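Novice: The opening residue of the sequence shown carries number 14 in the working numbering; numbering runs sequentially from there.
Got a structure here, written out as structure tokens. Questions coming.
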Amino acid sequence: GSGAFVAADGCAEFGWGLGTQAYMPPEQALGEVERMDERADVFGLGAILCEILTGKPPYVNDQRRDIMRMAMRGETTECFARLDNSGAEQPLIDLAKECLAFDIAARPRNAKVVADRLTQHLESVATRLRQSELDLNAAQTRAQEQRKRQRIVLALGACVVAIAATAGGIVTWIQKERADFAQRTSERLEELAYAEAASAKEAIAARDREANLKVEAENARREVELTLADVYTSRGLLAAEAPDPPVAMMWFTLAAKQAKADPDRESHNARRARNWANEATLPVGAFFCESAAERVHFQPGGHQLLIQMGPNGQYVLWDWRTNEKSEWLNGQANVNRACWAPDGSAIAVVGDQSIEIREVATGVARQSIAYPAEVSTIEFSPDGRLLAIGGESARIWNVAENRLLDQQWPHPQRIDSLKFNRAGTRLITTAEDKLARIFAVDDVGRPAPLYHPLPHVPERPPSSPVLVNGDRQLVTIANYGQLAVWDLETG
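What follows is the structure in structure tokens.
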């Protein structure tokens, strides 16, 4: 899986793929790992192309230390001069120089761009060869027509001579003219035959050149693919040395997929990937957050995540299986709070002046109510019939009947979490005053909590208390991180 490259002194340097100094991009030579991306691999491909065109890698020196210095400074002046004098076609020289650019942004974006440009160049060469063959075929056709005309002229000349002999009786002159004419015709036919043979030979040579170019193109493509596989392998080895098992597993997996043209490389990298997979927690998806994710909620029974970025940030609905974001819930500024319905088919969203329950797939609103007050959190009951709304007070929206209950439970400070018991008869709230309160949902005439507020001091609110023992007990976080267990029936 690790590559071997020929150094300036003729000895083989064994290392990690394109980690060899003579092929190393400046950012890697300088140890600026955070700047390395796919364009570092592109530099390595440019180095391979340089060696194919000139017979030498970009940096050539008898001393390893000097080679490292050249790599750190990106000294390619001598390399570019060798490319200009290589006799290669200009598109290949230009591509090699772009790949070896010191400025990362000036290089092609990734290895696919390089492969596409190589393919386009090889196709243009094949097109020129086919045109040459067509020109040669046309020349052969013209030669055949000329020979045909010469034969007709010869026959007509013979007739004219015969007629002249009959009319004039100058037999000697006729014989001489016939001999001269035959000689000239014979010489011309020989010239035409030679030209035809040369044309046929050139056509065969052109076909051979085209076949050779196809073989060379296939070999070049295979070499590029395997070089990229070695780059992935070197990245995996670096991650393994860190050690960073998930990253190592990812790079070795990519290397195995890239090395299908070489069964040994493919097998070795697949084995490495399996070994490091045993050391890693396997990720099934990755989502880039522009800011810290404050809340992440899985879709009940589904494969989507509801992500809130920042305490008052925007919401994104992301499908980790397809790596696609929802069009209707993708950072919209008018969505202040959101939560899943218990069956995962809908999402309750809080807007500026209303609360809506929307279909997950389409974003179409099933139900909505006007709610002009500020909302800090919302939560469904386990059966989905009720939606608790928290702000400066707690209220209940009876979703099944599509009406807002009259009862309000005011709080001295803003509510930061809501939680129903499984029966939906009790609502537990926590607020910024570090207290948890329990309300009887089935007793709408009761304005106060069932019991005296309970201390709940999580390190990082909002964090709801936890119901245990069949919802008969409530666990809160008391002062100094101690857990307190409360009887939910007696308080």
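We put the CB at the ideal spot given by N, CA and C, even for glycine.
Computed from a predicted model, the values in this text were never measured in an experiment.
Is any heavy atom of the ligand ZN found at a distance shorter than 8 Å from the C-beta of A383?
Specialist: Summarising the ligand content, the structure contains no ligands, and the ligand ZN is consequently not present.
Novice: Where does G170 fall in DSSP's three states?
Specialist: Confidence is the limiting factor: at G170 the pLDDT is only 48, short of 50, which leaves the residue's position unreliable, though a coordinate-based value still follows. The answer is helix: DSSP assigns G170 an H, G or I state.
Novice: Given a cut-off of 9 Å, decide if V454 and T438 are closer than it, judged by their beta-carbon atoms.
Specialist: Against a cut-off of 9 Å, the Cβ pair of V454 and T438 comes out as a contact.
Novice: Looking at the unbroken beta strand (DSSP E) that takes in I391, where does it start and where does it end?
Specialist: Unbroken beta strand (DSSP E) run through I391: T390 to F393.
Novice: Just how far apart, CA to CA, sit A497 and R459?
Specialist: Going by the C-alpha atoms only, they are around 26 Å apart.
Novice: Can you grab the Cα-Cα spacing for the pair A413 / R398, in whole Å?
Specialist: The alpha-carbon atoms of A413 and R398 are separated by roughly 5 Å.
Novice: Find out if the Cβ-Cβ distance for the pair P478, V470 is shorter than 9 Å.
Specialist: Cβ atoms of P478 and V470: not closer than 9 Å.
Novice: Taking the CB atoms as reference points, tell me whether A252 and V260 lie closer together than 9 Å.
Specialist: Cβ distance < 9 Å, so A252 and V260 count as in contact.
Novice: Can you give me the Cβ contacts of A42 inside the same chain, cut-off strictly under 8 Å, excluding the 5 residues immediately before and after it?
Specialist: So the qualifying residues of the chain are Q34, M81, A84 and M85.
Novice: Using only the alpha-carbon positions, how far apart do L135 and K227 sit?
Specialist: Looking at the two C-alpha atoms, the distance is approximately 8 Å.
Novice: Taking C-alpha atoms, which residue in Y464, R416 and A436 lies nearest to A449?
Specialist: Checked all of Y464, R416 and A436; the closest Cα to A449 is Y464.
Novice: Roughly how many angstroms separate the alpha carbons of A283 and F265, rounded to a whole number?
Specialist: Whole-angstrom Cα-Cα distance: 7 Å.
Novice: Using only alpha-carbon positions, find the residue among G483, L202, I490 and H310 that is nearest to E472.
Specialist: Minimum Cα distance to E472 is reached at I490.
Novice: Do M262 and A286 have their C-beta atoms within less than 9 Å of each other?
Specialist: It is a contact, given that the beta carbons lie within the stated cut-off.
Novice: Curious, which full-length beta strand (DSSP E) runs of at least 3 residues does the region 376 to 455 contain?
Specialist: As far as the region 376 to 455 is concerned, its whole beta strand (DSSP E) runs of at least 3 residues are 378 to 383, 390 to 393, 399 to 403, 406 to 411, 428 to 433, 439 to 444 and 448 to 453.
Novice: Considering only the alpha carbon of each residue, which of E229, A224, A272 and A233 lies closest to T246?
Specialist: Minimum Cα distance to T246 is reached at A272.
Novice: My understanding is that A121 touches C92, with C-beta atoms under 8 Å, so please give their C-beta distance in whole angstroms.
Specialist: Reading off the sequence, residue 121 comes out as Pro, not Ala. The Cβ separation is near 17 Å, so there is no contact.
Novice: Taking the alpha-carbon of S137 as reference, which of P104, A114 and D148 has the nearest alpha-carbon?
Specialist: When each option's Cα is compared against that of S137, the closest is P104.
Novice: Threshold first: 4 residues or longer. Then list the alpha helix (DSSP H) segments lying entirely within the region 248 to 298, N to C.
Specialist: With a minimum length of 4 residues, the continuous alpha helix (DSSP H) runs that stay inside the region 248 to 298 are 258 to 271 and 276 to 290.
Novice: Roughly how many whole angstroms lie between the Cα atoms of F452 and A461?
Specialist: Rounded to whole angstroms, F452 to A461 spans 7 Å at the Cα level.
Novice: For A305, count the other beta carbons within 10 Å of its own beta carbon; 16 or more makes it buried, fewer makes it exposed. Which is it?
Specialist: When all chains shown are included, A305 counts as exposed.
Novice: If the criterion is Cβ atoms closer than 9 Å, does the pair R379 and I391 meet it?
Specialist: No; because the gap between Cβ atoms is not below 9 Å, this pair is not in contact.
Novice: Only counting the same chain, and skipping five residues up and downstream in sequence, which positions put a Cβ closer than 7 Å to that of L417?
Specialist: I382, R408 and W410.
Novice: Buried or exposed: F301, going by 16 or more other Cβ atoms within 10 Å of its Cβ?
Specialist: By the neighbour-count rule (16 or more Cβ atoms within 10 Å), F301 is not buried but exposed.
Novice: Check whether the Cβ atoms of A10 and C352 sit closer than 9 Å, and answer yes or no.
Specialist: Absent from the model: residue 10. The displayed extent of the chain is 14 to 504, so no value can be given.
Novice: Could you tell me whether the Cβ atoms of L319 and Q312 are closer together than 9 Å?
Specialist: A contact, by the Cβ cut-off of 9 Å.
Novice: Provide the residue span of the alpha helix (DSSP H) that contains A84, from first to last.
Specialist: A84 -> alpha helix (DSSP H) spans R77 to R86.
Novice: Contact check, A242 vs R278 under 8 Å by CB: the rounded distance?
Specialist: About 6 Å separates the two Cβ atoms, so the contact holds.
Novice: P425 and A444 - do their beta-carbons sit closer together than 9 Å?
Specialist: For A444 and P425, yes; Cβs fall inside 9 Å.
Novice: Is Y328 helix, strand or coil when you go by DSSP?
Specialist: In the structure shown, Y328 sits in a strand (DSSP, three-state: E or B).
Novice: In the structure shown, what three-state DSSP assignment does N225 receive?
Specialist: Helix at N225.
Novice: Using the C-alpha atoms, what's the distance from L267 back to G298?
Specialist: Near 15 Å, if we compare the C-alpha coordinates of L267 and G298.
Novice: Is F311 helix, strand or coil by DSSP?
Specialist: Reduced to three states, the DSSP call for F311 is strand.
Novice: Taking just the CA atoms, how far does P395 sit from F433?
Specialist: About 7 Å.
Novice: Quick one: residues in its chain with C-beta nearer than 7 Å to the C-beta of K338, no 5 flanking neighbours on either side, listed in chain order?
Specialist: Excluding positions up to five away in sequence, the list reads V329, L330 and W331.
Novice: Thinking C-alpha only, which one of N225, E238 and V377 is nearest P276?
Specialist: Selected option, being the one with the closest Cα: E238.
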